[in-house]
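Participant: Below you will find the structure I want to go over with you.
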Amino acid sequence: MLEAVLVMAAAAGFAFAANELSPRGLKLARDYFPSVAGPSHTAPKVTPADTHPASAHENSETAEIDQRIKGKGLQPIDRAETERLFHDPRYQQGLVVFVDARDEDHYAAGHIPGAYPLDRYHPEKDLAADLTPCENADQVVVYCTGGDCEDAEYTALLLRDTGVSIQKIFVYGGGFDEWSASQLPLEQGARDSGVAPVKSP
Amino acid sequence: MSHLSGKAIDFPTVAGRWFLGALFVYTGLEKGLDPVAFLKLVRQYELVQSPFLLNSIAATLPWFEVFCGALLLAGIAVRGTALTLAGILIPFTAAVWHRALVLQGARAIPFCAVKFDCGCGTGEEFICRKLLENAGLILLALWLLGGRGRLLALRYSLSKGREP
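Here you go:
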C-alpha cells in the first residue's frame, strides 16, 4: 500500500511536469469552456440586408447545431451565406474576416483562403495579431471542423470577451468539413499563401 | 533446477506485466500528445464542474499512465504500480459504463450497439467489447498484485531491494 502511494506521488509529479514542459500542455487554471454569460448573452438581431443567418434547415442535425450556437448567445450562419460573404468584395478589403478555430496542424493542412488562424487552446500564438482585423471588420465568420465541434463557438466567445462586438460575429456551424465537401476554395499552409491543397485522385 | 523451472512458470506473468505496461505507455502517449482532444472527451463525462479539476485530469492522467506503464515494463515497484493502475481502471470503467448508459438512452439502441470514443486512447469502440477489455486489464493488474512477474524486474519491490 505504501508502495502504491509512492508510485502515485512520483507519477503525479511526473505528470504535472510533463504537462508543463509539453508545448501542447494545458493551462490548468484556464476555463476552456466558459459559461455563455457575458457582455451580451442574448443573440443580437441580424439585419436581413446584411446577412441571412440559417433559417431553413435541410436536416435536423443542422437545426441542432444552430440551436446550440444560439444557446450560447451567438448567431449561426449557413454555408450559402458563408460562401456569399467569401465572395463579397468586402472580404478583399478586410471588412469581412474569417477566423479558423482549429489547431495549427489542421489549419496548415487546409483552410478557407485568407482565414486567420486562432487556436483558442493556445490563444497566445495568434490572438493579438487577429484582434485588430476582427475589430476593424464589419462581419467576422468563425468556423471549426463542424458538427460536434464547439471550438468555433468558444472562439467567438473569446473574441467577444476580448472586445470584438458580438453583433458582427457569426458562427459557421457546418464548418470546414462542409466547406471542403462542397468543393469550395481552399488554401494550404500559411494565411494568404495562395497554395491550394493537392486533391486526392 | 527448481529455480529455473520457477522462472519458466513465471514467464507468462512477466509477459502480462510487459503487455500491461506497454499498453499504458501507448495509450498514455496517444492522449498525452493531444491533450486538447482528451480534454474534450473527459468533459463529456461531466465528472467534475471545476475547470481546474477538469484540466488537471485531462493534462496529467495520460502522463500518469505513461509513468506507471514504464514502471511495469522495467519491473519497478510492480505491486504498487499494479494497485495504482487497478485504482484507475475500476472507477474509469464505471464511468465509461455510465456514459454508455446515457448514450443508450439518448439513442434508443441496444446497450452493446453503443459505440463511442471513451477517451481510453483506442478510438471509437463498441461498449461491450470495451468493458470486456477493461475487465481483462483489471484482472491482469490484480494478478500482478499477487507477487508474480518477478523475472527480469529491475526492482520488483521498493522496500525489499533488488530481487534476484
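Chains as they are written, first to last, in our numbering: chain A, 1 to 201; chain B, 202 to 365. Where a beta carbon is used, it is the ideal one built from N, C-alpha and C, also for glycine.
(1) Would you say Ala354 of chain B reaches chain A, if we count a Cβ-Cβ gap shorter than 7 Å as a contact?
(2) May I ask which residues mark the beginning and end of the alpha helix (DSSP H) holding Asp100 of chain A?
(3) Going along chain B in order, which residues have a C-beta closer than 7 Å to the C-beta of Glu153 of chain A?
(4) What residues in its chain sit with their C-beta under 6 Å from that of Arg300 of chain B, if we drop five residues either side in the sequence?
(5) Comparing alpha-carbon positions, which option in B:Leu286, B:Ala216, B:Thr294, B:Leu273 lies nearest Leu355 of chain B?
(6) Count the other CB atoms within 10 Å of the CB of Leu340 of chain B; is the residue buried (16 or more) or exposed (fewer)?
(7) Check the DSSP bridge columns for Phe170 of chain A and list the partner residues they point to.
(8) Quick check on this structure: which residue in A:Asp100, A:Gly114, A:Ile112, A:Gly110 has the alpha carbon closest to the alpha carbon of Pro123 of chain A?
(9) Roughly how many angstroms separate the alpha carbons of Val267 of chain B and Asp88 of chain A, rounded to a whole number?
(10) Any idea what DSSP makes of Arg351 of chain B, helix, strand or coil?
(11) Would you identify the three-state DSSP class for Phe327 of chain B, choosing helix, strand or coil?
(12) Measuring straight from C-alpha to C-alpha, what distance separates Leu290 of chain B and Arg191 of chain A?
(13) Is there contact between the region 148-158 of chain A and the region 69-84 of chain A, where contact requires at least three CB pairs shorter than 8 Å?
(14) Which residues of chain A have a Cβ atom closer than 8 Å to the Cβ of Arg244 of chain B, listed in chain order?
(15) What separation, rounded to the nearest whole angstrom, lies between the Cα atoms of Pro263 of chain B and Ala15 of chain A?
(16) Check whether the region 226-240 of chain B and the region 184-198 of chain A are in contact - that is, three or more C-beta pairs closer than 8 Å.
(17) Within its chain, find whatever has a CB closer than 7 Å to the CB of Asp138 of chain A; leave out the 5 residues flanking it on each side and keep chain order.
Facilitator: Taking the structure as given:
(1) no
(2) DSSP places Asp100 of chain A in no alpha helix (DSSP H) but in the uninterrupted beta strand (DSSP E) bounded by 96-100.
(3) Result: empty, since nearest Cβ-Cβ is about 13 Å, beyond 7 Å.
(4) Tyr246, listed in sequence order.
(5) B:Leu273
(6) exposed
(7) A:Gln75, A:Val141.
(8) A:Asp100
(9) Distance between the alpha carbons of Val267 of chain B and Asp88 of chain A is about 51 Å.
(10) coil
(11) strand
(12) Straight through space, the alpha carbons of Arg191 of chain A and Leu290 of chain B are spaced by roughly 44 Å.
(13) yes
(14) Phe33
(15) Our two residues, Pro263 of chain B and Ala15 of chain A, have alpha carbons roughly 8 Å apart in a direct line.
(16) Under the 8 Å Cβ criterion, the region 226-240 of chain B does not count as touching the region 184-198 of chain A, having fewer than three qualifying pairs.
(17) Arg90, Leu95, Val96, Lys168
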